[in-house]
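Colleague:
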Amino acid sequence: LYEREKLERLMDTLSQRFDMFAPPQKAPRRTGSQSFSIWANTCSVCHGIDGAVSPFGHTLLPAPPDLRAYSLTHERALAVIRNGYPGTVMPPFRAFPEAVLEELAAISNSFRTGR
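Rendered as structure tokens:
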């Protein structure tokens, strides 16, 4: 259905044309333990504890992105976490406090190692 190589080329093209992706950033030192706990117990089920797609994540169509290779702008990551991502199993997480959503966006962008 989806070929990884084609998806990666598409992501590269989008990044170059629309500056959609951001350079890697470290999670803020003040990131709360609640946010890391949510990442470890909820987000990592699909995204992996270190941003690599988990074994379960690989069973999804489409699989979530490898967060070590791509990071969205903070605003875009926040929007995806808050609202979910149509056409995928990424659900919205609107019930979390805004500070936690902000920290989860920072955590998700902290795994990027570059390409």
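Numbering of the sequence shown is given in full-length UniProt numbering, commencing with residue 1 and proceeding in unit increments.
Backbone N, C-alpha and C define an ideal beta-carbon position, used for all residues, glycine too.
These numbers come from a predicted model, not from an experiment.
Look at the Cβ atom of Arg68, then the Cβ atom of Ala52, and state whether they are nearer than 8 Å.
Modeller: yes
Colleague: Comparing C-alpha positions only, which one of Leu61, Ser35, Glu103 and His58 sits nearest to Ala77?
Modeller: Glu103
Colleague: Roughly how many whole angstroms lie between the Cα atoms of Gly44 and Pro97?
Modeller: Sequence check: residue 44 is Ser here, not Gly. If you take the alpha carbons of Ser44 and Pro97, they lie about 19 Å apart.
Colleague: Hey, quick one: how far does the alpha helix (DSSP H) through Met109 stretch, first residue to last?
Modeller: What sits at residue 109 in the sequence shown is Asn, not Met. Glu98 to Asn109 is the extent of the alpha helix (DSSP H) around Asn109.
Colleague: For Asn83, count neighbouring Cβ atoms within 10 angstroms of its own Cβ and tell me buried if that reaches 16, exposed if not.
Modeller: exposed
Colleague: With a 10 Å radius around its C-beta and 16 neighbouring C-beta atoms as the bar for buried, classify His58 as buried or exposed.
Modeller: exposed
Colleague: My assumption, with CB atoms under 8 Å, is that His47 sits in contact with Ser54. Please give the rounded CB distance.
Modeller: 7 Å
Colleague: Quick check on the DSSP output: the alpha helix (DSSP H) that includes Cys46 runs from which residue to which?
Modeller: Ser44 to His47
Colleague: Could you give the first and the last residue of the continuous alpha helix (DSSP H) run that contains Arg76?
Modeller: His74 to Asn83
Colleague: Pull up the distance between the alpha-carbon of Ala99 and that of Lys6, whole angstroms please.
Modeller: 36 Å
Colleague: On the criterion of 16 or more Cβ atoms from any shown chain inside 10 Å, does Ile107 qualify as buried, or is it exposed?
Modeller: buried
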